[in-house]
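Numbered per the working numbering, the sequence shown spans residues 46 to 153.
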Amino acid sequence: GSTSASRQLADPGEGSEQRKMVCGRQCAVCCCTLSIFGILVLMGMGSMLAGGDPYIGGHHLVATAEDREKRAAACYSAAGFYVVTLLLSGVCWFRGSQQAKKEAERLD
């Protein structure tokens, strides 16, 4: 119950092993890579939709400027979520690198 939660807060070493597994360097690198790819694809798709490109969505799907702008805004919003994911992954990557350095210094 609440006593185990208070013990984890009092002793950060006990839960640090679990945090390390959740926020590992490999996972962070993968998430950063996929986030960058998602941002690029969605920004490109959004700009093509906004420009009325017939190869993206076809003429029948983007008939009006309002429809094109709605779809482009949805792509830009989704790219924004990927930016947030990229930032969080970057934090995990940085924290993982810092923890690895601290452990290497401690073992020396």
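Beta carbons are placed, not taken as given, at the ideal position from N, Cα and C, and that holds for glycine. All figures in this text were calculated on a predicted structure; none of them were measured in a lab.
Measuring straight from C-alpha to C-alpha, what distance separates Y127 and C72? Rounded to the nearest angstrom, the gap between the Cα atoms of Y127 and C72 is 15 Å.
Looking at T78 and the ligand HEM, is the gap between the Cβ and the nearest heavy atom below 6 Å? Of ligands this structure carries none, so the ligand HEM is not represented either.
For H81, the first and last residue of its enclosing alpha helix (DSSP H): Before going on, a small fix: residue 81 reads as Ile here, not His. Start and end: 70 to 96.
Tell me the DSSP secondary structure of T130 in three-state form. helix
Given S122 as reference, the closest of T78, R70, G89, V74 once Cα atoms are compared: Looking from the CA of S122, the closest CA among T78, R70, G89, V74 belongs to G89.
Excluding the 5 residues preceding and the 5 following A145 in the sequence, name in chain order all residues of the same chain whose CB lies nearer than 8 Å to its CB. R70
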